[in-house]
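Taking it in order: structure first as structure tokens, then the write-up.
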């Protein structure tokens, strides 16, 4: 399954990421890579 995500740099530093198809799947990370890893986990939790 593939999902569209929106990755934005946060004003406070780090990144915020949201799955567009699953609005409740939101996460963040200090780096882009961390944010992308975290959103994968958030998507899995929403789909359980």
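Numbering (the working numbering), first residue to last: 3 to 50. C-beta atoms are modelled at their ideal positions from N, C-alpha and C, and glycine is treated no differently.
Does the Cβ-Cβ distance between residue i and residue j come in under 7 Å?
| i | j | result |
| --- | --- | --- |
| residue 16 | residue 35 | no |
| residue 19 | residue 37 | yes |
| residue 28 | residue 7 | no |
Which residue marks the beginning of the beta strand (DSSP E) containing residue i, and which one marks its end?
| i | result |
| --- | --- |
| residue 20 | 17-21 |
Between the options, which has its C-alpha nearest residue i's C-alpha?
| i | options | result |
| --- | --- | --- |
| residue 50 | 8, 24, 38 and 7 | 24 |
| residue 5 | 40, 43, 13 and 22 | 22 |
| residue 14 | 41, 32, 39 and 45 | 32 |
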